[in-house]
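Asker: The structure follows.
2 protein chains.
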Amino acid sequence: MLDDLDRRLLEILVKDARTSLKELAAQVGLSSPSVSERLRRLEERGVIRAFTVEIDPLALGYTLQAIVRIRPLPGKLHIVQKLIEEIPEFGECDKVTGDDCFVARLFVRSIGDLDGILDRIADKAETSTAIIKAQPIRRRPPPLDATAPRDKAKILQAS
Amino acid sequence: MLDDLDRRLLEILVKDARTSLKELAAQVGLSSPSVSERLRRLEERGVIRAFTVEIDPLALGYTLQAIVRIRPLPGKLHIVQKLIEEIPEFGECDKVTGDDCFVARLFVRSIGDLDGILDRIADKAETSTAIIKAQPIRRRPPPLDATAPRDKAKILQAS
DNA sequence: AGGCGTCGGTCGAGATCGTCAAGCATTTTA
DNA sequence: TAAAATGCTTGACGATCTCGACCGACGCCT
């Protein structure tokens, strides 16, 4: 479904999406039309979701990030979700199992901004906020190589 | 520090980082060498952190994602952080204020994998895990336009 | 076994794109 | 006020991408 050459191409592109077809071709040992075709298909299949740039939020004045756990009040789930989606300062939001329904990332320019945004959902949900002090790991893709068969189920069976 | 043209360029590139200089130039009304120079400086200044591709984890077999809150046991903070950084399935990790020291995102192929990875830090930290059921907002940058001056501090002063 | 369609690859030519040097207008600085 | 620094445009050159034509391996059917 995704052969070794594909994985190598992805690995290179994750590091620099502007790598030329020629360069990609050289690194994996194909011709550039072949690489072009492979990329086209990776995109078509949705493996590559997008070519994009990563922007430093600080450069835009967003000096603060926070992780917010959100528990909508009974009956307010959909309204809360819609609200979150419409507030552009939410840079990420996951719907999760457990007491907290949503876990979201917030980019703000100041503590005042943070307060202002949380106020907008305060009457529809309980929130708990954690300010981000450092980012030991910034967004990175999972391992591309097909290793990591450390499935615990097998270990359990074995014992 | 970042003028309107820069912001428009970024906005286009976030949507498609492969947009040609010619196309960018046409859309903002400059010549391509000018655009090239602007991009060069945006990169140099660190505003653009990287050109990259966004990969669908599902395409790589990672059918499960989880948000893990991690509270290292006394004295184990650094060991835990190092461990997290070294486990490639952690796709993101923030160090935050509050009881939970770290909040991390985990990409796994199965529940068994999840268990296996959590076991590796179980003796050094308390963890609480939430499985991701849906992603209402996938990673997106904060608003590029300089609006959003909804600073609560001012509102407080006004009242 | 032989023929045939498909898939994924190469090659080469033409079109497109990026980069460089030169030059110009505007603003800042001395 | 003159000089220097910015930031832009233009045009030409070199590199890159894309398209069509062609080729070989593989699987399938008769």
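For the record, the sequence lines run as chains Y and G. Take 73 as the starting number for the first sequence in this note's numbering and just add one per residue. Take 73 as the starting number for the second sequence in this note's numbering and just add one per residue. Glycine residues also receive a C-beta, built at the ideal position from the N, C-alpha and C atoms.
(1) Would you call the stretch 148–155 of chain Y and the stretch 104–123 of chain Y touching, i.e. three or more CB-CB distances under 8 Å?
(2) Quick check on G:A232: buried or exposed, where buried means 16 or more other Cβ atoms within 10 Å of its Cβ?
(3) What residues are listed by DSSP as bridge partners for G:Q137?
(4) Spell out whether any CB of chain Y is found under 7 Å from the CB atom of G:R211.
(5) What residue range does the alpha helix (DSSP H) around Y:P105 cover?
(6) For chain G, is any of its Cβ atoms less than 7 Å away from the one on Y:K167?
(7) Under a CB-based cut-off of 7 Å, is G:I193 close to chain Y?
(8) Please work out which residues of its chain come closer than 8 Å, Cβ to Cβ, to G:D217, disregarding the five sequence neighbours upstream and downstream, and give them in chain order.
(9) Check whether the stretch 99–111 of chain G and the stretch 134–141 of chain G touch, using three or more Cβ-Cβ pairs below 8 Å as the test.
(10) Does the stretch 168–179 of chain Y come close enough to the stretch 192–207 of chain G that 3 or more CB-CB pairs lie under 8 Å?
(11) Measuring CA to CA, which of Y:K148, Y:T91 and Y:P215 is closest to G:R181?
(12) Could you list which residues in chain G have their beta carbon closer than 7 Å to that of Y:G118, in chain order?
(13) Consider the Cβ of G:P105: report whether some Cβ of chain Y lies at a distance smaller than 7 Å.
(14) If the cut is a Cβ gap below 9 Å, which residues of chain G does Y:Q207 touch?
(15) Between G:K87 and Y:T135, what straight-line distance do the alpha-carbon atoms span, to the nearest angstrom?
(16) Using a Cβ-Cβ cut-off of less than 8 Å, give me the residues of the stretch 90–103 of chain G that come near chain Y, in sequence order.
(17) Could you check the C-alpha separation between G:I183 and Y:R211 for me, to the nearest Å?
(18) Which chain Y residues sit within Cβ distance under 7 Å of G:R121?
(19) Excluding the five sequence neighbours on either side, which residues of its own chain have a C-beta within less than 6 Å of the C-beta of Y:H150, listed in chain order?
Answerer: Looking at the atomic coordinates:
(1) no
(2) Only positions 73 to 231 of chain G appear in this structure, which leaves residue 232 of chain G out of reach.
(3) Taking the first residue of the second sequence as 1, we reach residue 137 of chain G at position 65. According to DSSP, which records beta bridges pairwise, G:Q137 is partnered with G:F179.
(4) Here residue 211 of chain G refers to the residue found at position 139 of the second sequence. By this cut-off, G:R211 is an interface position.
(5) Here the question's residue 105 of chain Y lines up with position 33 in the first sequence. Counting along the chain, the alpha helix (DSSP H) containing Y:P105 begins and ends at S104 to E116.
(6) Here residue 167 of chain Y corresponds to residue number 95 of the first sequence, with the count starting at 1. Yes, Y:K167 lies at the interface with chain G (some Cβ there is under 7 Å from its Cβ).
(7) Stepping through the second sequence from its first residue, residue 193 of chain G is reached at position 121. It does not; no Cβ of chain Y falls within 7 Å.
(8) Counting from 1 along the second sequence, the entry for residue 217 of chain G is found at position 145. Here the set comprises R79.
(9) no
(10) yes
(11) Residue 181 of chain G sits at position 109 when you count from the first residue of the second sequence. Comparing Cα positions, the closest option is Y:P215.
(12) In the first sequence, the residue the question calls residue 118 of chain Y occupies position 46. Neighbours of Y:G118 on chain G, chain order: D128 and A131.
(13) Taking the first residue of the second sequence as position 1, residue 105 of chain G is located at position 33. It does not; no Cβ of chain Y falls within 7 Å.
(14) The residue labelled residue 207 of chain Y in the question sits at position 135 within the first sequence. Neighbours of Y:Q207 on chain G, chain order: E164, C165, D166 and K167.
(15) For this step, residue 87 of chain G is matched to residue 15 along the second sequence. For this step, residue 135 of chain Y is matched to residue 63 along the first sequence. The straight-line gap from Cα to Cα measures roughly 23 Å.
(16) R90
(17) As a first step, residue 183 of chain G is located in the second sequence; it is residue number 111 there, counting from the start. As a first step, residue 211 of chain Y is located in the first sequence; it is residue number 139 there, counting from the start. Near 22 Å, if we compare the C-alpha coordinates of Y:R211 and G:I183.
(18) As a working note, residue 121 of chain G is residue 49 in the second sequence. The answer, in chain order, is E126, I127 and D128.
(19) As a working mapping, residue 150 of chain Y is identified with position 78 in the first sequence. The answer is none, since no qualifying residue turns up.
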